[in-house]
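In this text, residue positions in the sequence shown follow our numbering: the first is -1, and each later residue adds one. No residue lacks a Cβ here, since even glycine has one placed at the ideal position from N, Cα and C. Computed from a prediction, not measured in an experiment: that's the story for all the values here.
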Amino acid sequence: EDVAPPTCRRSSMRRRDPASPLALARAGLRAYRIGARAGRVVAGGLRRRWGRRLMSTSREVFDLATKRAHRDRAAVAYSDGQYDYLKDEVARRLTDRLNDVSPTKKFPVAVDLGSLSGHVRKSLADFTATNKGIEELHQLELSELMLHRDHGMHHPEGVDVSYSVWGEETELPFAANSVDVVFSSMALHWVNDLPGVFKEVNRILKPDGVFLGAMLGGETLQELRSSFAIAELERYGGVANHLSPFVRDSEIGGLVQGAGFNLPTADSDLLTVRYPDMFTMMEHLRGMGETNSTFIRRNLTSMESFLAAASAYQELYTDDDGLLEATFHVIYLIGWKPHSSQQQPDERGSGSTRLTTTLEELAAELQQDPQNPKRE
């Protein structure tokens, strides 16, 4: 799906010329495949480190002080919210799920974990907040400047909104069994200890409370990753880390269930945003506060690498209008705190019909009627 950034109209942006014909001549299909594979190797190695971090506090992947600084900078330098388009869209899709998961259930006490500037607060609006009976919304955010950027704005009618700074690696400031719903939109992909945070969310939720989260997944900015891989393999024979590692769809369900949630659900969207050039895209990432904050990031990248990556990106990932495509892979997760009213699986061995018998009956039915639509 396409998400159009309001400031990325091609008519108002100056296109940069490709850096040099050298990168274009060598950025063919083979180089593209090598670069994409190298990008996956880098990401895979970081995921393995991240996996060890989930079981031990001795190693961290993300530098939270740097991430706080990135958000502080974005809150001050881009206080008009011109780069909120992606996070606003994801928050809207996330809160829409609250209307779907339980049409009649009410959620008086809500928490927004990693609230940033209040995207969930804005997306709840009056309809969802009123429809779902939300009376309190407690916002927790790493960056105090980002938390208060839009302080007092976009409050849903009749909802008491609070603002609190939270370190993202510390205990949540709520009693056990005290919250009805926890949201987290576009913040979890920067958390070092996801299982620990999930367990904290489970602790504060009331029985039959629900956790709804949205985070960036493994295919995010795959075009940028591959473009840098092509550029650096050509020049240096190796690939540096320019992007953060992201969790994969297949991993989320296990993490949610492992934290003690029932009925875990995960789905994803691939959102495509188009930009005039790679440098404009990187400016938007900076404005979102979404630049790399891993401990092993390269602090200084040469202009030659930037220009070569921009040239490869231009050659490989442009649409029919000459705009660059950037993929944002958004993973949505839902988990319920256990309660006796929830659907329970039958005991093992309690079935009354053998699967082989059912399959044999279906095969006989299809054999008798060749036109049966079940054949499809």
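Taking the continuous beta strand (DSSP E) assigned at residue i, which residues delimit it?
i    : result
Q265 : Looking at the sequence itself, residue 265 is Asp, so the reference to Gln does not match. It spans 260 to 273 - the beta strand (DSSP E) in which D265 sits, taken as one unbroken run.
D406 : Any property of residue 406 remains undetermined from this structure, which presents the chain solely from -1 to 374.
A324 : 322 to 334
H149 : Run containing H149: none; DSSP gives neither H nor E here.
Would you mind reading off the limits of the alpha helix (DSSP H) that contains residue i?
i    : result
A77  : Strictly speaking, residue 77 in this sequence is Ser, with Ala absent from that position. Premise fails: S77 is in no alpha helix (DSSP H) and is neither H nor E.
E142 : 142 to 145
Y234 : 220 to 234
D124 : 117 to 129
Y311 : 301 to 314
V254 : 247 to 256
H282 : 276 to 286
Spatial neighbours of residue i within its chain, please: C-beta separation below 7 Å, excluding the five flanking residues on both sides.
i    : result
K65  : L140, W188, S291
N190 : R51, E58, V59, F60, E167
Y315 : E221, L322, E323
T289 : H68, L283
G42  : Unreliable positioning characterises G42 in this predicted model, as indicated by a pLDDT of 39, which lies under 50. The coordinate reading is nonetheless provided below. Result list for G42: empty, nothing under 7 Å.
R295 : N239
M279 : Y273, L322, A324
P19  : Caution is warranted here: a pLDDT of 39 is assigned to P19, below 50, making its placement in the model unreliable, and the coordinate value is therefore given only provisionally. Correct list: empty, nothing qualifies.
Per the DSSP calculation, residue i is bridged to which residue(s)?
i    : result
A362 : None, per the DSSP bridge assignment.
F181 : D110, L210
S100 : According to DSSP, which records beta bridges pairwise, S100 is partnered with nothing at all.
R161 : In the sequence on display, residue 161 carries Tyr and not Arg. DSSP lists Q137 as partners of Y161.
L215 : In the sequence as presented, Leu is not what sits at residue 215; that position holds Gly. In DSSP, G215 forms a bridge with V245.
T292 : F60
L92  : None; L92 has no bridge partner.
L357 : None; L357 has no bridge partner.
L186 : DSSP output for L186 lists no bridge partner at all.
L203 : V177
Grab me the residues of residue i's own chain with a C-beta within less than 8 Å of its C-beta, minus the 5 sequence neighbours each way, in chain order.
i    : result
F172 : V109, H136, I202
T299 : A238, H240
R119 : D110, S113, L135, Q137, H152, H153, P154, V159
L92  : V118, S121, F181, S183, L210, G211, A212, Y330
N129 : N97
P106 : G131, I132, E133, E134, D178
Q340 : D206, N260, L261, W334
Please work out which residues of its chain come closer than 6 Å, Cβ to Cβ, to residue i, disregarding the five sequence neighbours upstream and downstream, and give them in chain order.
i    : result
R69  : S141, M144, G287
F209 : V180, V199, G333
V159 : L135, H153
D124 : P154, E155
L27  : Bear in mind that a pLDDT of 38 at L27, under 50, signals an unreliable position, so the number given afterwards is only what the model happens to contain. Hits under 6 Å: none found.
Y76  : G285
R90  : S121
T355 : none
P262 : G251, V254, Q255, G333
D148 : S115, G116
T126 : T93
A307 : S225, F226, A229
A73  : L143, M144, R147
Taking CB distances under 8 Å as the criterion, tell me whether residue i reaches chain D.
i    : result
S248 : Absent here is chain D; the protein component of the structure consists of one chain.
inquiry  = Between the stretch 80 to 90 and the stretch 110 to 130, can you find at least three pairs of beta-carbon atoms closer than 8 Å?
reply    = Taking 8 Å as the limit for Cβ pairs, the verdict is that the stretch 80 to 90 does touch the stretch 110 to 130.
inquiry  = Assess contact between the stretch 312 to 328 and the stretch 259 to 272, defined as three or more Cβ pairs (one per stretch) separated by less than 8 Å. Is contact present?
reply    = They touch, by the three-pair rule.
query = Is it true that the stretch 160 to 177 meets the stretch 211 to 229, where meeting means three or more beta-carbon pairs spaced less than 8 Å apart?
reply = The way I'd put it, the stretch 160 to 177 doesn't touch the stretch 211 to 229; fewer than three beta-carbon pairs between them come closer than 8 Å.
query = At a cut of 8 Å, does the stretch 97 to 106 reach the stretch 141 to 160 through at least three beta carbon pairs?
reply = At 8 Å Cβ cutoff, the stretches do not touch.
ask   = Given 8 Å as the limit, is there contact between the stretch 192 to 200 and the stretch 249 to 258, that is, 3 or more CB pairs closer than that?
value = Using a Cβ-Cβ distance cut-off of 8 Å, the stretch 192 to 200 and the stretch 249 to 258 are in contact, since at least three pairs of beta carbons, one from each stretch, lie closer than that value.
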